[in-house]
Amino acid sequence: MKVTGAQAIVKSLEAEGVEVVFGYPGGVVLPLFDALYQAPSINTVLTRHEQGATHAADAYARVTGKVGVVIVTSGPGAANTVTGIANAYMDSVPLVVITGQVATHVLGTDAFQETDITGITIPITKHNYLVDNAEDIPGIMAEAFHIAGTGRPGPVLIDLPVDISRGELVFKYPERVNLPGYKPTVKGHAKQIKEAATLISHARKPLLYVGGGVLSSNAAKELKELAELMQLPVVTTLMGKGAFPEDHHLFVGMPGMHGGKFTNYAITETDLLFGIGVRFDDRVTGKLATFATKAKIVHADIDPAEIGKNRSVDLPIVGDAKAVLAGVIEELRKMNAQPRTDSWMRVIDDWRTRFPFHYHTSETAIMPQHVVERVRELTKGRPTVYCTEVGQNQMWACQYLKIREPRTWASSGGLGTMGFGLPAAIGAQLGRPDHLVVNIAGDGSIQMNSQELATASINKLPVKVVILNNGYLGMVRQWQELFYEHRYSSSTLPQDCPDFVKLAEAYGAFGIRVTKLDELDDALVAAFAHDGPAVVDVRVEREENVYPMVAPGGSIDEMLGGIPGGPVSEMLDEELLEEVWE
Numbered sequence: 035m036k037v038t039g040a041q042a043i044v045k046s047l048e049a050e051g052v053e054v055v056f057g058y059p060g061g062v063v064l065p066l067f068d069a070l071y072q073a074p075s076i077n078t079v080l081t082r083h084e085q086g087a088t089h090a091a092d093a094y095a096r097v098t099g100k101v102g103v104v105i106v107t108s109g110p111g112a113a114n115t116v117t118g119i120a121n122a123y124m125d126s127v128p129l130v131v132i133t134g135q136v137a138t139h140v141l142g143t144d145a146f147q148e149t150d151i152t153g154i155t156i157p158i159t160k161h162n163y164l165v166d167n168a169e170d171i172p173g174i175m176a177e178a179f180h181i182a183g184t185g186r187p188g189p190v191l192i193d194l195p196v197d198i199s200r201g202e203l204v205f206k207y208p209e210r211v212n213l214p215g216y217k218p219t220v221k222g223h224a225k226q227i228k229e230a231a232t233l234i235s236h237a238r239k240p241l242l243y244v245g246g247g248v249l250s251s252n253a254a255k256e257l258k259e260l261a262e263l264m265q266l267p268v269v270t271t272l273m274g275k276g277a278f279p280e281d282h283h284l285f286v287g288m289p290g291m292h293g294g295k296f297t298n299y300a301i302t303e304t305d306l307l308f309g310i311g312v313r314f315d316d317r318v319t320g321k322l323a324t325f326a327t328k329a330k331i332v333h334a335d336i337d338p339a340e341i342g343k344n345r346s347v348d349l350p351i352v353g354d355a356k357a358v359l360a361g362v363i364e365e366l367r368k369m370n371a372q373p374r375t376d377s378w379m380r381v382i383d384d385w386r387t388r389f390p391f392h393y394h395t396s397e398t399a400i401m402p403q404h405v406v407e408r409v410r411e412l413t414k415g416r417p418t419v420y421c422t423e424v425g426q427n428q429m430w431a432c433q434y435l436k437i438r439e440p441r442t443w444a445s446s447g448g449l450g451t452m453g454f455g456l457p458a459a460i461g462a463q464l465g466r467p468d469h470l471v472v473n474i475a476g477d478g479s480i481q482m483n484s485q486e487l488a489t490a491s492i493n494k495l496p497v498k499v500v501i502l503n504n505g506y507l508g509m510v511r512q513w514q515e516l517f518y519e520h521r522y523s524s525s526t527l528p529q530d531c532p533d534f535v536k537l538a539e540a541y542g543a544f545g546i547r548v549t550k551l552d553e554l555d556d557a558l559v560a561a562f563a564h565d566g567p568a569v570v571d572v573r574v575e576r577e578e579n580v581y582p583m584v585a586p587g588g589s590i591d592e593m594l595g596g597i598p599g600g601p602v603s604e605m606l607d608e609e610l611l612e613e614v615w616e
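Adding 34 to a residue's 1-based position in the sequence shown gives its number in the numbering used here.
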């Protein structure tokens, strides 16, 4: 029996076990949406913008470990996915994005709503396809899901001309994918893994530097086992949050531009930095010439292109984080290695005590950090996924939330995409329907995709949005204060435009405003208890800054703000440090 190309797409989705698709219809993709209409096993979620669809699919993938799926029309529909695709590419998130396209006989003629989306997305996808034969659809779909979800995950785009979606074929889904040119290295080299274990066993001031690759490979169990086996302190990047429980004594925070002073001091002083599933990005390293200069660098990553790209390494290991960590643990057990980090942890604990995250409290103003702390306390003990927008709100969430479980954190890392948080919360809620989903937002970022409140309301998704409303593009204003002599050029936003409570109500959500400190807890409790989407507009201290902060181009041990403290050389307790070498 023959099926249409559109039906073959849907059958392929069913064969891959896809349960949720995010998208927006249009002329050339109507055959595909008609086929979805007849597929009750797939929940098709109509977002209010194609960018919202890609961010929702992105977060769905992050919290479930599955491949997120997006279906949109050609031209502006396809172009509107570009930011979301780039976001997923930078953060290594598996997506399959299916775009409609004009008929093959008018390709290249500037036909109505024609855009060369495969050409546009070459730099921001793992691979993309322009389908020119309906019979190729099952094979292309199988390849796309395989490429997106294996190795270093990432987005794959399939461009489907409308005549191909109407073409006919005999459907047979491939049992296996054969891509001779695509064979990611999963198991690290045995000799290098053994050498890494030896370096760990000899190190006196080791540090595990952990990124999103540990989450992608579902290696949180192995990471915790290694850390506890050798009592190794752990730092996690923004993308790695949740890979290691943040209430664990060995957790030493997030490094980099807005990381803890104690975290950055630990990196500066470590003698062995073991990077796992990280890319040594600029927001972590600061000035590369001064980053971890006392350390031997071990870098394990499934993508060989990342190793040595930004920072030269002493020991490269190409492989999946789960397999590499398991191999290192096995080698350490074979050599009966024992922890040697008691004194090193005392040094770190001394820094942690002297230089905690800190802000000035007020009896009248609502401090944004306090809001995040209250969200943390009021969700304690309840399964919760935290999403963020981008800006100061994101950094305060990083600093003051404690993520304890893998895949319960969704934030835009590499691309820093304003507008990510609300659609991400929608995708996360669909992926984790048994969890409370809270989006920490700013009044600037939330307006980038606030129309997705309609998606949440109509689909009865009880996402909670907590807006830290300071009447500014906060991070832009902070930089203008520090580096542009307080010239707040195009960064001021009226706190009452829009009225977020009325906006929430217009979309059928619960809205509440907080202007006094003693109103905060009651408002949060009411929003979290509401059975639908809720928006809490909190009027916070307007010119509060995110500290500590590493100035652009600066060394990570030279941070502005927070508890006073200079470069790490001035902050060492020499008596404690001497114990490390005894």
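C-beta atoms are modelled at their ideal positions from N, C-alpha and C, and glycine is treated no differently.
Tell me whether residue i sits in a helix, a strand or coil according to DSSP, three-state version.
i, result
"threonine 15", "Beyond the ends of the chain as shown, which are 35 and 616, falls residue 15; an answer cannot be given."
"histidine 469", "coil"
"tyrosine 518", "coil"
"proline 350", "strand"
"threonine 413", "coil"
"histidine 333", "strand"
"proline 195", "strand"
"valine 617", "No answer is possible for residue 617: it lies beyond the span of the chain, which begins at 35 and ends at 616."
"arginine 380", "helix"
"valine 79", "strand"
"glycine 57", "strand"
"lysine 628", "Any question about residue 628 goes unanswered here, given that the chain covers just 35 to 616."
"tyrosine 207", "coil"
"methionine 593", "strand"
"threonine 422", "strand"
"valine 127", "coil"
"threonine 526", "strand"
Tell me whether the beta-carbon of residue i lies closer than 8 Å to the beta-carbon of residue j.
i, j, result
"alanine 355", "valine 248", "yes"
"glutamine 147", "glycine 61", "yes"
"glutamine 403", "tryptophan 443", "no"
"methionine 291", "threonine 297", "no"
"glycine 311", "serine 251", "yes"
"alanine 462", "valine 97", "yes"
"isoleucine 474", "leucine 456", "no"
"alanine 488", "arginine 82", "yes"
"valine 347", "valine 500", "no"
"leucine 242", "phenylalanine 308", "yes"
"asparagine 483", "glycine 450", "no"
Going along the chain, which residues of its own chain have a beta-carbon closer than 6 Å to the beta-carbon of residue i, five neighbours each way excluded?
i, result
"alanine 73", "Val44"
"proline 338", "Val352"
"tyrosine 581", "Gly595 and Gly596"
"threonine 219", "Val352 and Gly353"
"threonine 319", "Phe325"
"alanine 231", "Val362, Glu365 and Leu366"
"serine 617", "The question about residue 617 has no answer, for the chain in this structure spans 35 to 616."
Can you have a look at residue i and say buried or exposed, based on whether 16 or more other CB atoms are within 10 angstroms of its CB?
i, result
"lysine 160", "buried"
"proline 240", "buried"
"isoleucine 156", "exposed"
"methionine 369", "exposed"
"arginine 386", "buried"
"valine 16", "In the structure as shown, the chain starts at 35 and stops at 616, and residue 16 therefore has no counterpart that could be examined."
"alanine 459", "buried"
"leucine 47", "buried"
"leucine 213", "exposed"
"glutamate 397", "exposed"
"threonine 143", "exposed"
"valine 424", "buried"
"tyrosine 518", "exposed"
"glutamate 209", "exposed"
"threonine 115", "buried"
Please go through the same chain and pick out, in chain order, the residues whose beta-carbon is closer than 7 Å to the beta-carbon of residue i, but skip the five residues on each side of it.
i, result
"glutamine 41", "Ala69"
"alanine 561", "Lys498, Phe544, Ile546, Ala568 and Val570"
"glutamate 229", "Leu349"
"phenylalanine 67", "Pro59"
"alanine 357", "Val220, Lys221 and Gly222"
"alanine 360", "Glu256"
Can you name, in chain order, every residue of its own chain whose Cβ lies under 8 Å from the Cβ of residue i, other than the five neighbours on each side?
i, result
"glutamate 539", "Gly545"
"valine 548", "Ile400, Leu554, Ala557, Val570, Asp571, Val572 and Arg573"
> Which parts of the segment 535 to 571 are runs of the beta strand (DSSP E), unbroken and 3 residues or longer, counting only runs that do not cross its ends?
Replying inline: 544 to 548
> In the segment 241 to 275, which residue ranges form an unbroken alpha helix (DSSP H) of at least 4 residues, counting only runs that do not cross its ends?
Replying inline: 246 to 250 and 254 to 264
>> So within the segment 151 to 193, which uninterrupted beta strand (DSSP E) runs reach at least 3 residues, ignoring any that extend past its ends?
In response: 161 to 164
> What runs of the alpha helix (DSSP H), each 4 residues or longer, lie entirely inside the segment 355 to 406?
Replying inline: 355 to 368 and 376 to 388
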